[in-house]
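**Student:** Here the sequence shown stands for residues 1 to 113, where the numbers follow full-length UniProt numbering. C-beta: ideal position from N, C-alpha, C; glycine also. A quick note: this is a predicted structure, and the numbers were derived from the prediction, not measured.
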Amino acid sequence: MRVFKLAKSWPTLNTLIKIIGNSVGALGNLTLVLAIIVFIFAVVGMQLFGKNYESCVCKISKDCTLPRWHMKDFFHSFLIVFRVLCGEWIETMWDCMEVAGQPLCILVFMLVM
């Protein structure tokens, strides 16, 4: 409560709070668009590479178990797309190239970035 009273008496703080409030609406729209894009790429990755991870898992894992980062199901595919957007893409792209082939993986990973 005291912060709002302070904002009314301090014009620059009042202006700053109004600017932040107006920016929240734009960030909500941006977040929605980003979530839709991540969803689309997660589904595309799961459809293109999911079966390859299952059949060629011994190429990327010594004990022939799925690695932590794979695209066999939607959840893990969603996490890989999020990881690519965060900049941690090189290890997952190498695994993808081992199981599914270089050209397609490079194309999908570059489109996500």
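#1: Measure the alpha-carbon distance for residue 73 versus residue 80 and round it to whole angstroms.
#2: Given this structure, state the Cα-to-Cα distance separating residue 76 from residue 69, to the nearest angstrom.
#3: To the nearest angstrom, how far is it from the Cα of residue 109 to the Cα of residue 62?
#4: With 16 as the cutoff for other CB atoms within 10 Å, does residue 26 come out buried or exposed?
#5: Please state the DSSP three-state secondary structure of residue 103.
#6: Counting Cβ pairs, one atom from each stretch, are 3 or more of them under 8 Å apart for the segment 81-100 and the segment 40-56?
#7: Using a threshold of 8 Å, state whether the C-beta atoms of residue 112 and residue 84 are closer than that.
#8: Beta carbon of residue 71, beta carbon of residue 50: below 8 Å?
#9: Helix, strand or coil: which one does DSSP assign to residue 65?
#10: Can you name, in chain order, every residue of its own chain whose Cβ lies under 7 Å from the Cβ of residue 52, other than the five neighbours on each side?
#11: Reducing DSSP to helix, strand and coil, say where residue 156 ends up.
#12: Can you tell me where the alpha helix (DSSP H) with residue 86 in it begins and where it stops?
**Tutor:** Result, derived from the coordinates:
#1: Here residue 73 refers to the residue found at position 73 of the sequence shown. Here residue 80 refers to the residue found at position 80 of the sequence shown. If I take the Cα positions, the gap works out to 11 Å.
#2: Within the sequence shown, numbered from 1, the residue matching residue 76 stands at position 76. Within the sequence shown, numbered from 1, the residue matching residue 69 stands at position 69. Approximately 7 Å between the Cα atoms of the pair.
#3: Here residue 109 refers to the residue found at position 109 of the sequence shown. Here residue 62 refers to the residue found at position 62 of the sequence shown. Each residue's Cα considered, the two are about 25 Å apart.
#4: Locating residue 26 in the sequence shown gives position 26, where the first residue counts as 1. With fewer than 16 other Cβ atoms within 10 Å, it is exposed.
#5: If you number the sequence shown from 1, residue 103 lands on position 103. In this structure, residue 103 counts as helix in the three-state DSSP scheme.
#6: yes
#7: Reading the sequence shown from its first residue, position 112 is the one you call residue 112. Reading the sequence shown from its first residue, position 84 is the one you call residue 84. Contact: yes.
#8: By 1-based counting over the sequence shown, the position of residue 71 is 71. By 1-based counting over the sequence shown, the position of residue 50 is 50. For residue 71 and residue 50, yes; Cβs fall inside 8 Å.
#9: Here residue 65 refers to the residue found at position 65 when the sequence shown is read from its first residue. Residue 65 falls in the coil class under three-state DSSP.
#10: As a first step, residue 52 is located in the sequence shown; it is residue number 52 there, counting from the start. Closer than 7 Å at Cβ, skipping near neighbours: 99 and 100.
#11: A question about residue 156 goes unanswered here, because the residues of the chain that appear run from 1 up to 113.
#12: Taking the first residue of the sequence shown as position 1, residue 86 is located at position 86. Taken as a continuous stretch (DSSP letters only), the alpha helix (DSSP H) holding residue 86 covers 74-86.
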